[in-house]
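Residue numbers for the sequence shown follow my numbering, so the first one is 67 and each next one is one higher. Don't be surprised by glycine CBs; every beta carbon is placed ideally from N, CA and C.
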Amino acid sequence: MSDTPSDENGIGTEPDAVAEDARVARTRADVSRAALEVLTGEGWEAVTHAHVARVAGYSKTTLYTHWPSRSDLLTMALEAIGDMPHHDLVGDVRTDLIGELRMLRDAIATQRLDRVLMAMAQWGATVAEIGRVRRRIVDDGEKHTRQMLGAVIQGPELEAAVSMLSGSVVCPTLMYGTLPDDATIEAAVDILLRGIELRGNELRGNELRGNER
């Protein structure tokens, strides 16, 4: 809470304090956008106080005063990403899973999310705040896939299935610098769904055999 005097009704603000809060908020928004621009345009190595200050149009002193470490700048860049793009669900699991993976692939291509992923991998394991933002971004990106698959599988099988699907896009992106084409994405979804169907048939068969004993 700000230390501002109250009027006779117990409510009051200092105009100077309000103006200062607005300036800080505007500065934070400008620096966040600049940090994200540098991150997606040049990579996390370029996210330095000097470079972000030039892009944002502020002095290095201002950035160091409010965000003294590089991890502070990276955290703001990640927070500026907002919600992840998603496919408009149509109710068919295969179509919707393929649509989700295509949206992830297209976002990597157009928004350079590969550089965001590399920054999260590099810093998320050692900087708690970046780890928190990474968790939010990943949870948002996976929520539709988890919802669809969670209707038929749970526990370790669900975790493995989500990882395999997202990995079909993320792995070639980070490991080989390439993006999967539509045929590869469709094959990944089909292999997974066949596996889930076979697993379900196996479990139902075991249940039936158990009832016959």
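Would you grab the beta carbon distance between residue i and residue j for me? Rounded to a whole angstrom, and I think it's under 8 Å.
i	j	result
D248	M214	That belief does not hold up - the Cβ atoms of D248 and M214 are roughly 19 Å apart, past 8 Å.
M150	D206	5 Å
L140	A185	6 Å
V218	I251	V218 to I251, Cβ: 20 Å. No contact.
V189	S135	The amino acid occupying residue 189 in the given sequence is Trp; Val does not appear at that position. Contact doesn't hold; Cβ gap of about 11 Å is too wide.
Could you check which residue in the options has the C-alpha nearest to that of residue i?
i	options	result
T211	M169, G243 and A194	M169
I257	A146, V97, I219 and L231	L231
L105	R178, P222, G148 and G165	R178
P238	D180, W189 and G197	D180
R94	A112, E111, A119 and L240	A119
L183	R200, V97 and H152	R200
H245	A254, V255 and S234	A quick correction: the sequence has Leu, not His, at residue 245. Of the candidates A254, V255 and S234, the one whose C-alpha sits nearest the C-alpha of L245 is S234.
L240	T192, G109, D96 and I203	G109
V193	L144, D96, A254 and H115	L144
V228	L155, E208, R92 and G107	E208
L259	G197, V236, G243 and G216	G216
S98	E111, H153, V113 and M142	M142
G148	G243, R89, A91 and I203	I203
I196	D96, A146, R92 and Y242	A146
Just mark residue i as buried or exposed, buried being the case when its beta carbon has 16 or more other beta carbons within 10 Å.
i	result
R265	exposed
G165	buried
A254	buried
A116	exposed
V236	buried
A101	buried
V281	Here the chain comprises residues numbered 67 to 279, so residue 281 is not present and cannot be evaluated.
V113	buried
So, does the CB of residue i fall closer than 8 Å to a CB anywhere in chain C?
i	result
E103	Any reference to chain C falls outside this structure, which holds one protein chain only.
With three or more beta-carbon pairs closer than 8 Å as the criterion, would you say the stretch 172–183 touches the stretch 125–136? no
Touching by the beta-carbon criterion (3+ pairs, under 8 Å), the stretch 112–127 and the stretch 220–231: no
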